[in-house]
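>
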Amino acid sequence: MPPRHERAYNMHDLDNRNDAKRRKVRKGTRSCWECRRRKMKCIFAYDTDDICISCRRRGAKCVGQEFPEEVSEPLDRCLQMGDRLIRVESMLARLLNRVPSDTDIGMHSGNRNQDMLTGASVDLDGGRIQLPAHGKYGRLSQALYNALPSPEDTALIANASSDVSVLFYQMLTIPYHRLDQTNPKSARSLLERPAPDAHPVLIARHMLHLATSLQHIHPDLYHAISRLSEPPREMMKRLADIAIDLVTTKRDLTGMIEGLECMMIESLYLANSGNLRHALATIRRALTSAQLMGFHRPGSQPQYKVLDPKTEAHPQFIWFRIVSAERHLCLMLSLPQGTLDRSMASTAMLETDTAVGRIERLHCAIASRILERNQSDPSPADFALTQELDTELQRAAGSLPAKWWLTANPAAATDSPEALFWEVRRLFNQSFHYNLINQLHLPYMLRASSEHRYDYSRLMCVNSSREVLTRFTMFRGLDRIAFRCRTVDFFALMAAMTLLLAHIDEHRRCAVSLARLQHQEEIPRPENRLAHQRLSDRAMMEHAQESMEQVCRLTEDSLSAQSADLLRRLLTIEAEAAIGYSHRAEGLSVQPHLTEEIPDMETSADNSGGMCVHIPYFGVIKIAGNNVVSREIPEYPVGPDVSVQRAPVHFSSCALYTPAEPAPTLGLSNGLLSQGEYPLLNTEAGDSGFQGVDAAFFDSLMRGAGDGHDGTGWPVWPNEC
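First residue of the sequence shown? That's 1 in the UniProt record's numbering, and the numbers climb one at a time after it.
#1: Straight-line CA distance for LEU287 to VAL164?
#2: What residue does the beta strand (DSSP E) around SER63 start on, and which one ends it?
#3: With distances taken Cα to Cα, identify the nearest neighbour of LEU427 among THR254, ARG516, PHE491 and VAL306.
#4: When the Cα of LEU440 is compared with those of MET474, ARG373 and ALA408, which residue comes out closest?
#5: Just reading off the beta strand (DSSP E) that TYR304 is part of, what are its end residues?
#6: Starting from the N-terminal side, write out each stretch of the alpha helix (DSSP H) that is 4 residues or longer and does not extend beyond the segment 354–413.
#7: Is the CB-CB distance between GLU418 and PRO184 below 7 Å?
#8: Write down the C-beta distance between THR212 and LEU253 rounded to the nearest angstrom, noting that I regard them as a contact closer than 8 Å.
#9: Which two residues bound the contiguous alpha helix (DSSP H) that contains VAL247?
#10: So what does DSSP say about ARG529, is it helix, strand or coil?
#11: What do you get for TRP319, buried or exposed, if any count of 16 or more other CB atoms within 10 angstroms of its CB means buried?
#12: Sorted by chain position, which residues of the same chain lie with C-beta nearer than 7 Å to ALA655's C-beta, five sequence neighbours on each side aside?
#13: When the Cβ atoms of the segment 295–304 are set against those of the segment 236–247, are three or more pairs found closer than 8 Å?
#14: Considering Cα atoms alone, identify which of MET293, PRO149, ILE504 and LEU335 is closest to LEU194.
#15: Could you have a look at LEU32 and say whether DSSP puts it in helix, strand or coil?
#16: May I have the straight-line CA-CA distance separating LEU535 from PHE432, to the nearest angstrom?
#17: Using a 10 Å radius around the Cβ and a threshold of 16 neighbouring Cβ atoms, would you call ASN719 buried or exposed?
#18: Rounding to the nearest angstrom, what Cα-Cα distance links ILE53 and LEU179 in this structure?
#19: Would you identify the three-state DSSP class for ASP710, choosing helix, strand or coil?
#20: Smallest Cα separation from ALA279: which of LEU335, MET256, ALA313 and GLN316?
#21: Taking the Cβ atom as the reference point for each residue, do SER399 and ARG358 lie within a distance shorter than 7 Å?
#22: Check whether the segment 185–204 and the segment 135–146 touch, using three or more Cβ-Cβ pairs below 8 Å as the test.
#23: Return helix, strand or coil for MET256, following the three-state DSSP convention.
#24: Can you tell me which of the three DSSP states CYS52 falls into?
#25: Of the residues ALA240, ILE370 and GLU467, which one's Cα is nearest the Cα of LEU493?
#26: Let's test the definition: count the other Cβ atoms within 10 Å of the Cβ of GLU556 and tell me whether it reaches 16, buried, or not, exposed.
#27: Could you compute how far the alpha carbon of SER700 sits from the alpha carbon of GLN375?
#28: As a quick exercise: from ALA397, ALA381 and ARG233, pick the residue whose alpha carbon is nearest that of GLU360.
#29: Would you check if the distance between the CB atom of ALA224 and the CB atom of ALA160 is smaller than 7 Å?
#30: Have a look at CYS262 and THR391 and give me their C-alpha separation to the nearest angstrom.
#31: If we ignore side chains and look at the alpha-carbon of each, how far apart do ARG36 and VAL63 end up?
#32: Here's a check: name, in chain order, each residue in its chain whose Cβ is nearer than 8 Å to the Cβ of LEU156, leaving out the five neighbours to either side.
#33: For GLN337, count the other beta carbons within 10 Å of its own beta carbon; 16 or more makes it buried, fewer makes it exposed. Which is it?
#34: How about ALA355 and PHE472: do their beta carbons lie closer than 7 Å?
#35: Which of the three DSSP states is assigned to ASP197 in this structure?
#36: Could you tell me whether the segment 382–390 touches the segment 207–222, using the rule of 3 or more Cβ pairs below 8 Å?
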């Protein structure tokens with residue numbers, strides 16, 4: 001026979017029936033009065049529970065039939081209205097009708113004890129609900145809690161983690177000026193174990209904190225957690241998978257501040273794991289949830305929920321952080337942005353933020369305009385827009401003092417977690433600023449015109465790439481932060497490819513000019529404009545390649561492995577071009593891969609003595625001696641509603657040949673395609689580890705090439721024709 005459940009009562013119940021005598025009940029009777037009235041089976045989630053599932057869900061008193069029936073009568077009629085959360089939502093709707101239209105959106109204290117009957121607190125001014133700890137998710141909370149590491153394991157992780165990690169989590173939801181005002185927390189306080197009956201989202205957040213803390217620990221420091229009950233990487237993946245599968249991907253569990261925070265942490269975890277596409281999909285879920293709460297409307301009253309009374313809610317700041325993260329990923333993957341909102345860089349927002357916060361907001365707005373340009377059809381107005389955005393980036397840089405732009409050195413600030421945090425943020429913001437300059441001018445780097453109109457873009461790409469690689473070297477030199485933000489690795493990959501192609505193209509230009517000089521053409525003797533910086537540039541690029549190889553050895557990360565391999569091959573090509581093998585660098589070509597077989601990312605020689613590099617989902621990059629540039633989208637299995645047209649686009653060093661057919665286009669149906677139908681979203685279908693970062697780079701590099709808008713080609717140098 002199942003054990004009899006003794007119900008718990010609050011003090012009000014006990015006062016009403018101190019002298020109530022137990023009734024004699026028929027043998028086997030175990031239902032409570034509430035379930036008997038509703039003619040429902042009385043079921044308990046666990047044998048030790050005091051309240052049955054039905055009464056817990058309705059917020060009713062669970063009284064056994066051994067007590068008089070009148071004891072079980074509800075204290076108020078509202079307790080008979082159904083599900084507790086639905087009741088709270090309806091009550092909020094009524095209360096919000098009494099809120100003045102000009103109510104401040106900021107944080108308000110509110111009276112969290114005003115709704116004792118429903119177990120929830122409502123902030124009349126802020127549109128904020130604090131949900132009850134108990135509810136319909138009791139079993140899920142228990143399952144999540146049981147999956148947590150032991151307290152001993154958690155303590156080991158906390159001791160191995162840096163206290164600076166707390167600030168990196170807090171900056172996702174708390175503005176910089178508030179971080180300066182609050183007392184810094186320790187990693188141990190961040191990883192404090194939640195209660196067994198805590199809301200699933202709070203337990204999932206704790207799991208994601210543990211997973212990302214393990215992810216950020218450099219493998220050389222694993223000796224500090226050698227006593228963990230399971231290998232660090234296995235524990236990290238297990239905790240993240242459970243939190244993602246059971247909580248963050250469930251729409252009804254993420255409609256609150258802590259839910260948004262969980263999705264932001266999940267996106268960072270996926271990006272640092274090299275899974276950029278899933279990171280983008282996650283941050284877009286957060287973006288949609290924030291829109292449903294009204295975070296995207298600066299002048300309106302957002303409606304949001306909180307679970308933890310210690311949670312600080314800054315809706316507009318959270319919206320800015322979500323949009324900024326989404327645009328970072330879109331730039332790396334060359335995908336359209338999810339929103340065109342640029343209100344985060346409005347005058348009102350800039351005036352209330354710190355100096356560092358202001359430049360981050362300006363970067364977010366400028367990134368939006370670059371993405372908008374890249375996703376539109378090429379036009380003659382693009383170059384003017386590029387110059388305008390370049391001026392805006394200069395203004396943004398000028399908003400900070402000159403000494404702020406000295407290369408940050410986090411290694412000099414390791415004694416203080418706060419100082420280390422701000423130095424790392426400075427290093428990242430500097431890197432992102434120069435990455436934006438590179439992304440802005442990349443479409444014009446290898447173009448040419450008789451009036452040298454693109455010389456400035458070439459110079460900006462080269463200089464900004466050097467700045468990024470300099471900061472990457474500094475970033476990788478500090479083990480405590482090296483694994484905290486892999487985004488800098490992607491910046492370094494794009495910068496190294498840009499710089500290598502610039503050197504290769506400069507060797508090509510000199511080789512062509514020398515050949516014409518030997519034929520006694522009246523042209524100036526060619527001078528390699530990058531010659532003096534070549535060795536220092538190669539040193540930085542070789543260091544980036546070695547760093548990526550080291551990451552691959554430590555973590556078996558495929559993205560780092562393939563990035564290092566691509567850089568190694570391009571470095572070889574550049575070295576050969578520098579010592580006279582000009583036929584390897586006389587042209588840059590993007591050729592189609594016409595077979596149905598999807599090759600691995602590799603380089604190989606073709607019949608003309610050139611070098612081919614296959615880029616997944618893009619084609620074949622060919623560095624050859626014929627100065628032909630062409631591109632055709634490779635064959636891939638696609639869904640029934642996807643149509644692909646292919647046509648090469650050719651350029652020579654002296655003339656522009658327009659294609660006989662339309663340029664490559666990819667048409668998608670209106671419906672969402674599954675991952676199996678659309679391989680760009682599938683990271684496990686024979687996909688390379690690049691996640692589309694390499695294709696995005698070359699897409700930007702070749703943007704508008706051969707469109708015929710300005711009569712320029714790829715590459716045409718003065719006095720070469």
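Where is the CB? At the ideal position from N, CA and C, for every residue including glycine.
Here the structure is a predicted model, which means the values were calculated and not measured.
In short, the structure shows the following:
#1: Position 287 of the sequence shown, counted from the start, is the residue given in the question as residue 287. Position 164 of the sequence shown, counted from the start, is the residue given in the question as residue 164. The alpha-carbon atoms of LEU287 and VAL164 are separated by roughly 27 Å.
#2: On the sequence shown, residue 63 is found 63 positions in, with the first residue counted as 1. Just to set this straight, residue 63 is Val in the shown sequence, not Ser. That residue, VAL63, is in no beta strand (DSSP E); it is neither H nor E in DSSP.
#3: As a position in the sequence shown, residue 427 is number 427, starting the count at 1. It is PHE491.
#4: Here residue 440 refers to the residue found at position 440 of the sequence shown. Comparing Cα-Cα distances from LEU440 to each of MET474, ARG373 and ALA408, the minimum goes to ARG373.
#5: Within the sequence shown, the letter at position 304 stands for residue 304. Its beta strand (DSSP E) spans residues 304–306.
#6: 355–375 and 381–398
#7: As a first step, residue 418 must be located in the sequence shown, where it is residue number 418. As a first step, residue 184 must be located in the sequence shown, where it is residue number 184. Yes. Within cutoff.
#8: Here residue 212 is taken as the residue at index 212 of the sequence shown, counted from 1. Here residue 253 is taken as the residue at index 253 of the sequence shown, counted from 1. With a Cβ gap of about 19 Å, THR212 and LEU253 do not count as contacting.
#9: As a first step, residue 247 is located in the sequence shown; it is residue number 247 there, counting from the start. Premise fails: VAL247 is in no alpha helix (DSSP H) and is neither H nor E.
#10: Taking the sequence shown and counting its residues from 1, one reaches residue 529 at position 529. DSSP places ARG529 in coil when its eight states are reduced to three.
#11: If you number the sequence shown from 1, residue 319 lands on position 319. The residue in question, TRP319, is buried, as its Cβ has 16 or more Cβ neighbours within 10 Å.
#12: Taking the first residue of the sequence shown as 1, we reach residue 655 at position 655. Below a pLDDT of 50, predicted positions are generally treated as unreliable, and ALA655, at 30, falls in that range; the measurement from the model is reported next regardless. So the list is empty, once near-sequence residues are dropped.
#13: no
#14: Position 194 of the sequence shown, counted from the start, is the residue given in the question as residue 194. Position check: residue 194 holds Pro in this sequence, whereas Leu was assumed. Comparing Cα-Cα distances from PRO194 to each of MET293, PRO149, ILE504 and LEU335, the minimum goes to PRO149.
#15: As a first step, residue 32 must be located in the sequence shown, where it is residue number 32. A small fix is needed here, since residue 32 is Cys in this sequence, not Leu. Three-state result, CYS32: strand.
#16: Here residue 535 refers to the residue found at position 535 when the sequence shown is read from its first residue. Here residue 432 refers to the residue found at position 432 when the sequence shown is read from its first residue. Between LEU535 and PHE432, the C-alpha separation is close to 25 Å.
#17: As a working mapping, residue 719 is identified with position 719 in the sequence shown. Because the pLDDT of ASN719 is 38, which lies under 50, any placement of that residue in the model is unreliable, and the number read from its coordinates should be weighed accordingly. So ASN719 counts as exposed.
#18: Residue 53 sits at position 53 when you count from the first residue of the sequence shown. Residue 179 sits at position 179 when you count from the first residue of the sequence shown. Taking the straight line joining both Cα atoms gives about 42 Å.
#19: Reading the sequence shown from its first residue, position 710 is the one you call residue 710. Confidence in ASP710 is poor, its pLDDT being 49 and thus under 50, which makes the residue's placement unreliable; the coordinate value appears in the next sentence. ASP710 falls in the coil class under three-state DSSP.
#20: Walking along the sequence shown from the start, residue 279 turns up at place 279. Among LEU335, MET256, ALA313 and GLN316, the Cα nearest to that of ALA279 is on LEU335.
#21: Counted from its first residue, the sequence shown places residue 399 at position 399. Counted from its first residue, the sequence shown places residue 358 at position 358. Yes.
#22: yes
#23: By 1-based counting over the sequence shown, the position of residue 256 is 256. DSSP places MET256 in coil when its eight states are reduced to three.
#24: On the sequence shown, position 52 is the one that residue 52 refers to. DSSP places CYS52 in coil when its eight states are reduced to three.
#25: Working through the sequence shown from its first residue, we reach residue 493 at position 493. The shortest C-alpha separation from LEU493 is found at GLU467.
#26: Translated into positions along the sequence shown, residue 556 becomes position 556. Flag for GLU556 reads exposed.
#27: On the sequence shown, position 700 is the one that residue 700 refers to. On the sequence shown, position 375 is the one that residue 375 refers to. Using only the alpha carbons, I get a separation of about 10 Å.
#28: Residue 360 sits at position 360 when you count from the first residue of the sequence shown. When only C-alpha atoms are compared, the closest one is ALA397.
#29: Along the sequence shown, one-based indexing puts residue 224 at 224. Along the sequence shown, one-based indexing puts residue 160 at 160. Against a cut-off of 7 Å, the Cβ pair of ALA160 and ALA224 comes out as a contact.
#30: Counting from 1 along the sequence shown, the entry for residue 262 is found at position 262. Counting from 1 along the sequence shown, the entry for residue 391 is found at position 391. If I take the Cα positions, the gap works out to 37 Å.
#31: Counting from 1 along the sequence shown, the entry for residue 36 is found at position 36. Counting from 1 along the sequence shown, the entry for residue 63 is found at position 63. Whole-angstrom Cα-Cα distance: 11 Å.
#32: Along the sequence shown, read from residue 1 onward, the residue named residue 156 stands at position 156. Cβ within range, chain order: ALA224, ILE225, ARG227 and LEU228.
#33: Working through the sequence shown from its first residue, we reach residue 337 at position 337. Buried is the call here.
#34: One-based indexing of the sequence shown puts residue 355 at position 355. One-based indexing of the sequence shown puts residue 472 at position 472. No, Cβ-Cβ distance for ALA355 and PHE472 is not below 7 Å.
#35: The residue given as residue 197 occupies position 197 in the sequence shown. Reduced to three states, the DSSP call for ASP197 is coil.
#36: no
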